[in-house]
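S.K.: First the structure, then my questions, so here it is.
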Amino acid sequence: MEYWNPKAETMPRQELEAWQWRKLQRALRHARAHSPFWRDRLPEEITSMEDYARRVPLLYKSDLLEAERQAPPYGTWPSIDPVRGVRHHQTSGTSGNPPVRTIDTAGDWIWSTDTFCTSLYAMGVRPHHKGMVAFGYGLFMGFWGMHYALERMGCTVVPVGGLDSRTRVRLLVDHGIEVVGLTPSYAMRLIETAREMGIDLAREANVEIILAGAEPRSRFTTRTIEEAFGARVFNAAGTTEFGGVFMFECPARRGACHIVESSVIEEVLHPETRQPVGYGEEGVRVTTGLSREGMQLFRHWTEDLVVRQPWSACGCGRTWDFYDGGIIRRVDDMRKIRGVSVTPVMVEDVVRAFDEVSEFKTSVRSVRGLDTVFIEVEPRTVPGGNPATLPRRIAEEFKREIGIRPEVELAPEGSLPRQEWKATRFHDERVLVSQH
Numbered sequence: 154m155e156y157w158n159p160k161a162e163t164m165p166r167q168e169l170e171a172w173q174w175r176k177l178q179r180a181l182r183h184a185r186a187h188s189p190f191w192r193d194r195l196p197e198e199i200t201s202m203e204d205y206a207r208r209v210p211l212l213y214k215s216d217l218l219e220a221e222r223q224a225p226p227y228g229t230w231p232s233i234d235p236v237r238g239v240r241h242h243q244t245s246g247t248s249g250n251p252p253v254r255t256i257d258t259a260g261d262w263i264w265s266t267d268t269f270c271t272s273l274y275a276m277g278v279r280p281h282h283k284g285m286v287a288f289g290y291g292l293f294m295g296f297w298g299m300h301y302a303l304e305r306m307g308c309t310v311v312p313v314g315g316l317d318s319r320t321r322v323r324l325l326v327d328h329g330i331e332v333v334g335l336t337p338s339y340a341m342r343l344i345e346t347a348r349e350m351g352i353d354l355a356r357e358a359n360v361e362i363i364l365a366g367a368e369p370r371s372r373f374t375t376r377t378i379e380e381a382f383g384a385r386v387f388n389a390a391g392t393t394e395f396g397g398v399f400m401f402e403c404p405a406r407r408g409a410c411h412i413v414e415s416s417v418i419e420e421v422l423h424p425e426t427r428q429p430v431g432y433g434e435e436g437v438r439v440t441t442g443l444s445r446e447g448m449q450l451f452r453h454w455t456e457d458l459v460v461r462q463p464w465s466a467c468g469c470g471r472t473w474d475f476y477d478g479g480i481i482r483r484v485d486d487m488r489k490i491r492g493v494s495v496t497p498v499m500v501e502d503v504v505r506a507f508d509e510v511s512e513f514k515t516s517v518r519s520v521r522g523l524d525t526v527f528i529e530v531e532p533r534t535v536p537g538g539n540p541a542t543l544p545r546r547i548a549e550e551f552k553r554e555i556g557i558r559p560e561v562e563l564a565p566e567g568s569l570p571r572q573e574w575k576a577t578r579f580h581d582e583r584v585l586v587s588q589h
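Using our numbering, you'd call the opening residue of the sequence shown number 154 and step up by one each time.
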């Protein structure tokens, strides 16, 4: 097994924890000295990791938004003078809240790129590969780090920001691209586009490694992408608030997403009691960044539900613990419908199991006082498929798997939106009504 950072990735746990403690102490000193926001929140003389977890309050997104509101655009949060920043990024604001804005130094980008190099090297990316990062290169931090990581590793990068899907498919085939970074939703869009062009990606393209991140994906979506491209799909995750990759999937064990513990301290807490849970138990990620200079995070409540497992359960030689299955779902994605907890990934698991579905959209509305799930599906022609019976079959499977019978309708070809970035296929219109 090869590693991008052999010393950091295979350090004995006792040494790793001591290293994390030293980095945490340095980060705390920097925050107290330079950030008005953190100066008010961080107690003095934290004596241990246990003391840190006990005395430092949890940080919520609302806290960051309030800090920004006090002194826009970055508020009192930064630990640097913003004039030192070399790059501005921000979250999408798709939840209805204002975006969280961040500013990074040149040193921050060196570190962030290294977290991507660590991830890609683990997945099998090497200097001789050609890579394509299929996203819009906008304000989202997204796959920016992957672009720079491929360059640092010595790979050839074909930039495709701003190009349409047909051009991207053509470049993918013509240049023999071996490594692709994109969202699962956009991977499905490229597969659909290739079919429209009469191109069999598994036969005509040369893709070996796909990093499909930035949103949860169902097992059926993963299977579809792998079969269509003839490539291995890997998972990785980072956030704008954190600034780099905090976990990546290991090829030695499917679904084992190692935590980049050289750069982050991760706690897993019960979603209601806020108390630590053990290995194998589901809880919410609470993250502390150890390496970013400009925008620091201490005990950030992420809303990400995970199951942590010990490093030894993977067998790749890394001493970093991992999240089994990556981010399972988000607490704020869950909706109660007729007493049943439903998430977008649960819906996708059901709908994507039908090969006849090209695209879909889900909404929840109150009809005569009864919460009802509506699913629109765009069918596509497949051998043995029958579009006329598709709504009934999806409704029956949904009822069997989730416990609610939805209203399913066929949508005209090309009528449902396709996204390059994070898909928004799940709309709770009950929330929209209540907000107005």
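A virtual CB, placed ideally from N, CA and C, is assigned to each residue, including glycine.
At which residue ranges does the segment 309 to 335 contain complete alpha helix (DSSP H) runs of 4 or more residues, listed in the order of the chain?
M.R.: Complete alpha helix (DSSP H) runs here, min 4: 318 to 327.
S.K.: Quick one, are the C-beta atoms of Phe-591 and Ser-516 less than 7 Å apart?
M.R.: No answer is possible for residue 591: it lies beyond the span of the chain, which begins at 154 and ends at 589.
S.K.: Going straight from the alpha carbon of Ser-568 to that of Glu-531, what length do you get?
M.R.: For the purposes of this step, residue 568 is taken as the residue at position 415 of the sequence shown. For the purposes of this step, residue 531 is taken as the residue at position 378 of the sequence shown. Rounded to the nearest angstrom, the two C-alpha atoms are 8 Å apart.
S.K.: How would you label Thr-441, buried or exposed, when you count the other beta carbons within 10 angstroms and need 16 or more for buried?
M.R.: By one-based count along the sequence shown, residue 441 stands at place 288. Label assigned to Thr-441: buried.
S.K.: In terms of residue numbering, what span does the beta strand (DSSP E) encompassing Phe-527 cover?
M.R.: The residue labelled residue 527 in the question sits at position 374 within the sequence shown. Residues 523 to 532.
S.K.: Across the segment 258 to 277 and the segment 157 to 165, are there enough close Cβ pairs to call them in contact, namely three or more that are closer than 8 Å?
M.R.: Touching, yes, given that three or more Cβ pairs across the two stretches are closer than 8 Å.
S.K.: Does DSSP put Val-586 in a helix, a strand or coil?
M.R.: Counting from 1 along the sequence shown, the entry for residue 586 is found at position 433. For Val-586, the pLDDT reaches just 41, beneath the cut-off of 50, and the residue's location in the model is therefore unreliable, leaving the point undetermined.
S.K.: Contact defined as beta carbons within less than 8 Å: I believe Pro-340 pairs with Ala-365. What is the distance between those atoms, to the nearest angstrom?
M.R.: Reading the sequence shown from its first residue, position 187 is the one you call residue 340. Reading the sequence shown from its first residue, position 212 is the one you call residue 365. The sequence shown places Ala at residue 340, rather than the Pro named in the question. So it is a contact: roughly 5 Å between Cβ atoms.
S.K.: Rounded to whole angstroms, what's the CA-CA distance from Glu-304 to Gly-492? Just pull it up for me.
M.R.: Taking the sequence shown and counting its residues from 1, the one referred to as residue 304 is at position 151. Taking the sequence shown and counting its residues from 1, the one referred to as residue 492 is at position 339. When rounded, the distance between both Cα atoms is 50 Å.
S.K.: Quick check: what's the CA-CA separation for Asn-539 versus Arg-452?
M.R.: One-based indexing of the sequence shown puts residue 539 at position 386. One-based indexing of the sequence shown puts residue 452 at position 299. C-alpha separation (whole angstroms): 51 Å.
S.K.: In the DSSP output, which residue or residues are listed as bridge partners for Gly-442?
M.R.: Stepping through the sequence shown from its first residue, residue 442 is reached at position 289. According to DSSP, Gly-442 bridges with Val-417.
S.K.: Under the assumption that Ile-330 contacts Val-286 (Cβ atoms under 8 Å), give the Cβ distance between them as a whole number of angstroms.
M.R.: Translated into the one-based positions of the sequence shown, residue 330 becomes position 177. Translated into the one-based positions of the sequence shown, residue 286 becomes position 133. Their Cβ separation, rounded to whole angstroms, is 10 Å, which puts Ile-330 and Val-286 out of contact at 8 Å.
S.K.: What separation, rounded to the nearest whole angstrom, lies between the Cα atoms of Glu-394 and Pro-252?
M.R.: Along the sequence shown, read from residue 1 onward, the residue named residue 394 stands at position 241. Along the sequence shown, read from residue 1 onward, the residue named residue 252 stands at position 99. Taking the straight line from one Cα to the other gives about 11 Å.
S.K.: I believe Leu-343 touches Arg-372 by the beta-carbon criterion, under 8 Å. Please report the beta-carbon distance rounded to the nearest angstrom.
M.R.: Numbered from 1 along the sequence shown, position 190 holds the residue referred to as residue 343. Numbered from 1 along the sequence shown, position 219 holds the residue referred to as residue 372. That pair is no contact at about 20 Å.
S.K.: For Gly-492, which three-state DSSP category applies?
M.R.: Position 339 of the sequence shown, counting from 1, holds the residue named residue 492. Coil at Gly-492, not helix or strand.
S.K.: With distances taken from CA atoms, which of Gly-291, Phe-551, Trp-191 is nearest Arg-240?
M.R.: The sequence position of residue 240 within the sequence shown is 87, counting from 1. Measuring from the Cα of Arg-240, the nearest candidate turns out to be Gly-291.
S.K.: So what's Trp-157 in DSSP terms, helix, strand or just coil?
M.R.: Counting from one through the sequence shown, the residue named residue 157 turns up at place 4. Of the three classes helix, strand and coil, the one that applies to Trp-157 here is coil, per DSSP.
S.K.: In or out: Ala-224 buried (at least 16 other Cβ within 10 Å) or exposed?
M.R.: In the sequence shown, counting from the first residue as 1, residue 224 sits at position 71. Exposed, by the Cβ-count rule.
S.K.: Report the option in Met-294, Ala-171, Cys-403, Leu-523 whose CA atom is closest to the CA atom of Glu-582.
M.R.: On the sequence shown, residue 582 is found 429 positions in, with the first residue counted as 1. With distances taken between Cα atoms, Glu-582 lies closest to Leu-523.
S.K.: Could you give the first and the last residue of the continuous beta strand (DSSP E) run that contains Val-460?
M.R.: One-based indexing of the sequence shown puts residue 460 at position 307. Here the beta strand (DSSP E) through Val-460 covers 453 to 462.
S.K.: Roughly how many angstroms lie between the CA atoms of Phe-296 and Leu-169, to the nearest whole one?
M.R.: As a first step, residue 296 is located in the sequence shown; it is residue number 143 there, counting from the start. As a first step, residue 169 is located in the sequence shown; it is residue number 16 there, counting from the start. If I take the Cα positions, the gap works out to 28 Å.
S.K.: Between which two residues does the alpha helix (DSSP H) carrying Leu-303 extend?
M.R.: Along the sequence shown, read from residue 1 onward, the residue named residue 303 stands at position 150. It spans 297 to 306 - the alpha helix (DSSP H) in which Leu-303 sits, taken as one unbroken run.
S.K.: When DSSP builds the beta bridges, which residues end up paired with Ser-519?
M.R.: Looking up residue 519 in the sequence shown gives position 366. Ser-519 is bridged to Asp-524.
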